[in-house]
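For what it's worth, the numbering used here labels the leading residue of the sequence shown as 2, then goes sequentially. Below: one structure, written as structure tokens.
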Amino acid sequence: QIFLGALSFVYFAKALSGSYLKSTITQIERRFDIPSSLVGVIDGSFEIGNLLIIILVSYFGAKLHRPRIIGAGCLIMSVGTFLIAMPQFFMGRYRYERFTSTINSTASISPCLQNKNQTPVSSLEKSQVKINAGCEKETGSSMWIYVLLGNLLRGIGETPIQPLGITYIDDYAIEENAPLYIGCVQTVAIIGPIFGFLLGSLCAKLYVDTGFVDLDSVTITHKDVQWVGAWWLGYLIAGVISVLAGIPFWFLPKHLPKPERRKDSNTSSEQSKFITEDNKDQHKFYQQQVKITEMAKEFLPSLKSLFRNPVYSLYLCASIIQFNSLIGMVTYKPKYIEQQYGQTSSKTNFVIGLINIPAVAFGIFSGGLILKKFRIGVLGAAKLSLGSSFFGYLLLLSLFAMGCKNSDVAGLTVSYHGTKQMTNYEQGLFSECNTDCACSKNDWDPICGENGVTYVSACLAGCHASNGSGENAVFFNCSCVGTLESPSRNYSAVVGPCQKGNECPKMFLYFLVISVISSYALSVGGTPGYILLLRCIKPHLKSFALGIYTMAIRVLAGIPAPVYFGMAIDTTCLKWGSKRCGGRGACRLYDSSALRYVYLGLTLMLGTVSIFFSVAVLWVLWKRSSSHDETLSSNGERGTCGTKSRKDNFVNSDHLIQATYWPEKETRL
């Protein structure tokens, strides 16, 4: 019970820091001015850390002191989490783009600089000096490398938790209770993302330089498209929690007493007693003899044995492809909601943490409860996993119809004359209404005209006067705003982009409902999938099998999925930001329709392929079950997932058996 509680808290800690990273994706992108593909590399560095030591930990860790290895992992995980937050303390303050008069309105300066004489020379020189100073410190933008390295350390520290923790429970828990315990651990782990996203929502409302600058001087709010929240603060909190989570494992024993109920089986009690006692004697002898080199000799044969198991191999392929879709979808879900439905980072994280994540927790717990209540075997677990995936992806298909239209942005999504924009985007920013202004196509300081159209900047809107400062600034005599109607009228605009269409809030509500139901459906198959792996693998290979499974997911899904999802999303960008010293920065505006088709299309395409592999798993299990039924009906015995009998498996593998294994360890079909 102590181990179960401690492992649950560790799962909570690692899930909190992992989900908090997901919630800060857009914040990190804006803070370091980097594209989505590079953010995907940062996100994937966690899986690279896992890859570095997953095989060693899962294979050798099972034969060493598992609780203490988990404790050491927690310590490393906390160091990595602290490292992620470090750039905030070494970088300069965050700079956002704002027209001069919106920062300090001591003098009214025309946004449309028809000639540079309108701006005092001292102001221009001062501005140029600041830019040059910024270029000298431009190396600060490469501080994202520390975020990558910190996430890499997080991955290394998290490695032993899953393979060693889950198998420790399965080794010492009563057999019929193991699925429920595993379901409980994973359910408690889901509470971590709830707090992670809620923490992300809270930090997103705090300005990035809170505690470093006078907040009264900040002229933007958390609703502004250039806002960056206090992303670093949550990592400090998550690091402290990781340290606390690892403490109990240093005081837990290497082995626990075997539960008596493990001895109950269909075989005779005398046979069970004989084999169990023999294992004890063998373990005492081999515990003194086995060395690292001898264990290493069994590595390749063990690996070969795993991949010769068709159930394991096919389910591994299905999981890899499915996790590609799920990891990519979850990583960029906050960005999708922000860009598609015009929501703030704070609200997006709050919604995901309070609505979406609990549905996932309930789904995982339901899967474990169904297995226990109905005593579902391996074949039933495969059916449940397949059915949940099919229904979940079917629901996601409906999200194609629940998107918002592109916002009307002059020169990007619509022309200055109100027609659909078809020309080159950069050239489309200029029109006859702003040709007399000295505007830059690289600026991104959007304003909303009274005609409901967003303009990239006050200069490109042709505004000749301004009043007020900060978020209360108002621009007047905007020639481009009045293009569609009476040009002679005095048209005005306010700071910030215009709101999405009237149908967008309704579509966002529909999206949330479908997203919650589909998340629940996809999560129901989580625990049956674990049980399917555990029950179809030889006892002494369980830790190794889970380690290989985890490694494959990390390498072939966790690392590449965020990268190619990010690259695909970057192709839908309409307006790229510019770094202070030149070069492309983070994307400022996406094509909503293209983003929806790319994001959902990739997710559903990968999910469909994974379902085909899941069908193959079910077919192999069905054939194996039928052949076992025929064999066992003639022999009067029951079988396992494997083609060999349990006794043969133990006799042929005596030199690898630990004291934690007993004759009825594996669940029978």
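The beta carbon of each residue, even a glycine, is placed where N, CA and C say it ideally should be. This one's a predicted model, so the numbers in the text were calculated from it and none came from an experiment.
- Annotation for Gly230: no beta strand (DSSP E) segment contains it, and DSSP assigns it neither H nor E.
- Taking a contact to require three or more Cβ pairs closer than 8 Å, the region 202–218 and the region 557–568 do not qualify as touching.
- Around the Cβ of Lys374, a 10 Å sphere holds fewer than 16 other Cβ atoms; the residue is exposed.
- Between the region 323–342 and the region 586–603 there are three or more C-beta pairs closer than 8 Å, enough to call the two in contact.
- Counting only residues of its own chain and dropping the five nearest sequence neighbours on each side, Ile49 has a CB closer than 7 Å to the CB of Leu153, Gly156, Ile560.
- Of the candidates Gly404, Ala522, Val415, Asp444, the residue whose Cα lies closest to the Cα of Cys505 is Gly404.
- Straight across, the Cα-Cα distance linking Leu301 with Val610 is about 30 Å.
- Phe545 and Val58 have their C-alpha atoms some 9 Å from each other.
- With respect to the 8 Å criterion, Pro447 and Val226 are classified as neighbours on the basis of their beta carbons.
- In the three-state DSSP reduction, Ile538 falls in the coil class, being neither helix nor strand.
- Only residues of its own chain outside the window of five on either side were considered, and among them Val229 have a CB closer than 6 Å to the CB of Arg32, listed in chain order.
- Val214 is bridged by DSSP to Thr211.
- The closest CA to that of Ala617, considering only Leu557, Thr160, Tyr316, Tyr236, is found on Tyr316.
- Listed in chain order, the alpha helix (DSSP H) elements of length 4 or more contained wholly in the region 503–581 are 505–525, 527–536, 543–554, 561–571.
- Taking every protein chain shown into account, the CB of Asn468 has fewer than 16 other CB atoms within 10 angstroms, so this residue is exposed.
- Two segments are said to touch when three or more pairs of C-beta atoms, one from each, lie closer than 8 Å; by this definition the region 166–178 does not touch the region 353–363.
- The criterion of a C-beta distance shorter than 8 Å is not satisfied by Gly369 and Pro164.
- The Cβ-Cβ distance between Ala462 and Ala494 falls below 8 Å.
- Gly608 is a Cβ neighbour of Gln323, given a cutoff of 8 Å.
- Assignment of Tyr333 by DSSP, reduced to helix, strand and coil, places it in the coil class.
- Here Ala402 is exposed, its C-beta having fewer than 16 other C-beta atoms within 10 Å.
- Between Phe250 and Arg96, the CB-CB gap reaches or exceeds 8 Å.
- A contact is defined here as three or more CB-CB pairs under 8 Å, and the region 532–541 fails this definition with respect to the region 15–33.
- Note on Ile549: 16 or more other CB atoms within 10 angstroms of its CB, so buried under the neighbour-count rule.
- Annotation for Val331: Lys23 place their beta carbon closer than 7 Å to its own, counting only its chain and skipping 5 residues before and after.
- By a beta-carbon distance limit of 8 Å, Ser386 does not contact Ser626. Their separation comes to about 16 Å.
- For Phe198, the enclosing alpha helix (DSSP H) starts and ends at 179–206.
- One thing to note: Ser326 has its Cβ no nearer than 8 Å to the Cβ of Ile612.
- If you draw a straight line from the Cα of Gly578 to the Cα of Asp571, it comes to about 12 Å.
- Membership of Leu590 in the beta strand (DSSP E) is indicated by the continuous run 585–591.
- Under the three-state reduction of DSSP output, Thr168 falls in the helix class.
- The straight-line gap separating the alpha-carbon atoms of Val80 and Leu237 is approximately 10 Å.
- CA-to-CA, the gap between Gly166 and Ile71 works out to about 8 Å.
- Taking Leu207 as the centre and dropping the five residues before and after it, the same chain places the C-beta of Gly230, Ala231, Leu234 closer than 8 Å to its C-beta, in chain order.
- In this structure, Gly393 lies away from Leu603, with their beta-carbon atoms at least 8 Å apart.
- For Ile29, no beta strand (DSSP E) encloses it; the enclosing alpha helix (DSSP H) starts and ends at 26–33.
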